[in-house]
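Peer 1: Pasting a structure here, questions to come.
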Amino acid sequence: MSDTHAQTVAYVRDSMTEQREPPVAQSGAVKWTRENLFSTPLNIALTIVGLWLIWVILSHVLPWAFMGIWDADSLSQCREIRDELYGADVSVACWAVISERWEQLLFGFYPPELYWRPVLAFVLFLAAIAPILFASLPRKMLWLSAASPFVMFWLIWGGSLWVPICVALGFAVGWAAVRFAGPKVGALGGILLAIALPVLYWALIAEPLAGALQSIIPLGLESVESREMGGFMLALIIGIAGIVLSLPLGIMLALGRQSDLFIINKSSVIFIEVIRGVPLIVWLFTASLLLNYFLPPGTNFDLMLRVIIMVTLFASAYIAEVVRGGLAALPKGQYEAGDALGLDYWKSMRLVVLPQALKISIPGIVNTFIGLFKDTTLVVFIGLLDPIGLSNAIRASTEWNGIYWELFVFIGLCFFIFCFSMGRYSLFLEKKLRREHR
Amino acid sequence: MNTPATAPIDRSQMQVSDEVAIQISNMNKWYGTFHVLRDIDLTVHRGERIVIAGPSGSGKSTMIRCINRLEEHQAGKIIVDGTELGSDLKNIDKIRSEVGMVFQHFNLFPHLTILENCTLAPIWVRKIPKKEAEATAMHFLEKVKIPEQANKYPGQLSGGQQQRVAIARSLCMKPRIMLFDEPTSALDPEMIKEVLDTMVSLAEEGMTMLCVTHEMGFAQAVANRVIFMDAGQIVEQNEPKEFFNNPQHERTKLFLSQILGH
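Chains as they are written, first to last, in full-length UniProt numbering: chain A, 1 to 438; chain B, 1 to 262.
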């Protein structure tokens, strides 16, 4: 202990105090319980009421779920089994509907002998997304990520292998335009060429080329039509395509909205405000009904593709606003430091501004993605058989007429797993970046 | 604002050549209708160390920010290293890569390590191979005496260290001119000296420097010209000795009496 002389003004400490443990009642579980559960009479009462409420809810839900019947052919058979086992007045789940129809909930009307294809595509997706999500994985895996969209498309829709290969070649054409023509025609000319050449290639050359190659070396899988797909497979295709495409589009729109160039600025603002100001369901109806009037007669423009485009545009408007918030949160000095070092606009955006702005925007971006994924259930209104649509179809059958909870619990749980993982990943990323930057 | 005593420095290397580094003639700038810079005429020779002083709002920062076009001027001419600053983006990027700038709030990139901060522009603007850029960066980090911090993030460094990194980051571009915009104003008194020492050693190597600063000790020790600005104009300029001992303009006398008076 130090000898303090409270009565005198001058004071010199003659011994330093060692670090000590805090008192037992002031640390650990004892302190936590007292402070967080039983600090005042009111809090004690609230704790007790809360525990009672939890017990009431669990005592009804858990027996219903765990005593559920898994093996039956119809709802009426389920009820017979229940009467036999527990008596008529006990409410138990009839999970038999899930064990009977889960394949349909996952794949829709996809041919059962081909289920391995979407499953393989999903596994491939997980492998492809891993190096993007986790920077610690080898960078060479990014080649897999780049190739995966084409392979996944081919696995799910089938058809000639040459189609995805010829489409992928378009990107090689664009790369070649930047690489070889770019130095000759300048940066802007290179970018324009990189957009124009692949578009021309896709419009004019890709299809005949694929056809020709197919006739020389036939390679392919049995094709499956979009309308045969449904359930979570449909939700995942639309959700993942929407997420992957809307992020870059949203970033470009956010930059456009910040731009000093009048036309780019105003067109970004109008696009964002119009898309955001109209409900998604209206856009989906537009996609399914109105587009037919604008397209030349006889065009067969896949409904699922139309939905993906609409969902992407819709989500990108939201992403743009979230990213704009991140851009606005950056101190002006960051832009100035980039300028002062001689970085041009795109380099400064790519290397200095966007990495920081996107880091700030992560919670908002993931929030938008979760919303987008759940909004895919809206496609039920334009006749696509998403999980909700299929649950209606299942209930319409005589065997399962009258069953509600079990289907919705299952669908909810599946959505929850995906959305919760996205939320957790967002937290992981925030924590990782926060640690890295301190 | 008295500077911590700066040691007498070696002026033998600090030769001013006849070559013109920066030529500003009849430059004017407005913020909207507010006339911030009025008829600025300034010629800076290669190797000159110029300190720009003046009350806040006098336009000193704005003037040096015009030199690398962080601010746009509306009338007059600015010629840096023989290249005229206009709306031509190529000229702007060229001048910016030749002119280093150090900011009051450092403006390091918080998402990059110290080393990455220093190699970013050399790699992406100068197209120097990564290995070579890193070697250069380490050389300059050693010069500002913090090579051991190379793999840390800016947030882990003290203000003085961050400012020295900012100086090293500018030097990695091998600039011919350095602009300092109040480099010590955001620092704790203890850290001001370490930054000033770095600037002094830079001056000793003959770098052309324009410093907006309130560090009058630094001005006396290093500058070969002090410029005093008020109300957007250059009011007085002179050699430091004359400037401090024998100010001519009323406004200069008042300013000096206020900052040196306590």
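For each residue, glycine too, the CB sits at the ideal point set by N, CA and C.
(1) Which residues in chain A sit within 7 Å of B:Ala121, going by Cβ to Cβ distance?
(2) In three-state terms, what does DSSP make of B:Cys211?
(3) Does chain B have any CB closer than 9 Å to the CB of A:Leu204?
(4) Under 9 Å, Cβ to Cβ, is there at least one residue of chain A near B:His111?
(5) Got a sec: which bits of the region 128 to 144 of chain B sit with their beta carbon under 7 Å from any beta carbon on chain A, in order along the chain?
(6) Bridge partners for B:Phe180 per DSSP, in chain order?
(7) Using 8 Å as the threshold, is the region 190 to 206 of chain A in touch with the region 248 to 256 of chain A, meaning 3 or more CB pairs across them?
(8) Taking a Cβ distance cut-off of 7 Å, strictly less, list which residues of the region 95 to 111 of chain B are near chain A, in chain order.
(9) In this structure, does DSSP put B:Ser17 in helix, strand or coil?
(10) Does DSSP put B:Asn26 in a helix, in a strand, or in coil?
(11) Can you give me, in chain order, the residues of the region 62 to 94 of chain B that have a beta carbon less than 7 Å from any beta carbon in chain A?
(12) Flag B:Trp30 as yes if its beta-carbon sits less than 9 Å from any beta-carbon of chain A, otherwise no.
(13) I want to verify the contact list: residues of chain B whose CB lies under 8 Å from the CB of A:Ala254, in sequence order.
(14) Report the rounded CA-to-CA distance for A:Leu280 versus A:Ala287, giving the unit in angstroms.
(15) Mapping DSSP to helix, strand and coil, what is B:Ala53?
(16) Answer yes or no: do B:Val51 and B:Arg225 have a C-beta to C-beta separation smaller than 9 Å?
(17) Using a Cβ cut-off of 9 Å (strictly closer), state whether A:Glu430 contacts chain B.
(18) Rounded to the nearest angstrom, what separates B:Met207 and A:Ala203 at their Cα positions?
(19) From the DSSP secondary-structure annotation, give me the bridge partner or partners of B:Val226.
(20) Would a check of beta-carbon distances place A:Ser426 closer than 9 Å to chain B?
(21) For A:Lys359 and chain B, any beta-carbon pair shorter than 9 Å?
(22) Judging by CA-CA distance, which residue of A:Lys31, A:Gly364 and A:Asp260 is the nearest neighbour of A:Ser316?
(23) Here's the rule I'm using: 16 or more other beta-carbon atoms within 10 Å means buried, otherwise exposed. How should A:Pro164 be labelled?
(24) What does the Cβ neighbour count give for A:Ser160, buried or exposed, with the cut at 16 atoms within 10 Å?
(25) Would A:Leu334 pass as an interface residue toward chain B - the criterion being a Cβ-Cβ separation below 9 Å?
(26) Give the C-beta separation of A:Ile394 and A:Arg101 to the nearest angstrom, bearing in mind that I take them to be a contact with Cβ-Cβ under 8 Å.
(27) Below 8 Å on the Cβ atoms is my guess for A:Phe107 versus A:Met233; work out the distance and round it to an integer in Å.
(28) Quick one: Cα of B:Lys29 to Cα of B:Arg251, how far?
(29) Where do the ends of the alpha helix (DSSP H) carrying B:Ala135 lie?
(30) Going by CA-CA distance only, name the one from B:Ala53, B:Ser97 and B:Phe34 that's closest to B:Cys211.
(31) Jot down the residue ranges of each uninterrupted beta strand (DSSP E) in the region 42 to 112 of chain A, minimum 3 residues, whole runs only, in chain order.
(32) Since B:Ile79 sits in a beta bridge, which residues does DSSP pair it with?
(33) A:Tyr318 to A:Ile382, Cα distance in whole Å?
(34) With contact counted as at least three CB pairs below 8 Å, one residue from each stretch, are the region 114 to 131 of chain B and the region 63 to 72 of chain B in contact?
(35) Measuring CB to CB, does B:Val165 end up less than 9 Å from B:Pro154?
(36) Which class does B:Gln233 belong to by DSSP, given the choice of helix, strand or coil?
Peer 2: Answer, in terms of the structure:
(1) Leu341, Gly342 and Leu343
(2) strand
(3) Answer no: the Cβ-Cβ gap between A:Leu204 and chain B never drops below 9 Å.
(4) yes
(5) none
(6) B:Val102 and B:Cys211
(7) No: the two stretches stay apart, fewer than three of their Cβ pairs being nearer than 8 Å.
(8) Arg96, Ser97, Met101, Phe103, His105, Asn107, Phe109, Pro110 and His111
(9) coil
(10) strand
(11) Asn68, Leu70 and Asp93
(12) no
(13) Chain B residues near A:Ala254: none, gap ~18 Å exceeds 8 Å.
(14) 10 Å
(15) strand
(16) Contact flag set, yes.
(17) no
(18) 58 Å
(19) B:Val51 and B:Asn238
(20) Closer than 9 Å: no.
(21) Between A:Lys359 and chain B, the shortest Cβ-Cβ separation is below 9 Å.
(22) When only C-alpha atoms are compared, the closest one is A:Gly364.
(23) buried
(24) A:Ser160 counts as buried, since no fewer than 16 other beta carbons sit within 10 angstroms of its beta carbon.
(25) The question names Leu, yet the displayed sequence has Gln at residue 334 of chain A. For A:Gln334, the answer is yes, since a Cβ of chain B falls inside 9 Å of its Cβ.
(26) 5 Å
(27) 5 Å
(28) 22 Å
(29) Lys130 to Lys143
(30) B:Ala53
(31) none
(32) Per DSSP, the beta-bridge partners of B:Ile79 are B:Gln23 and B:Glu84.
(33) 23 Å
(34) no
(35) yes
(36) strand
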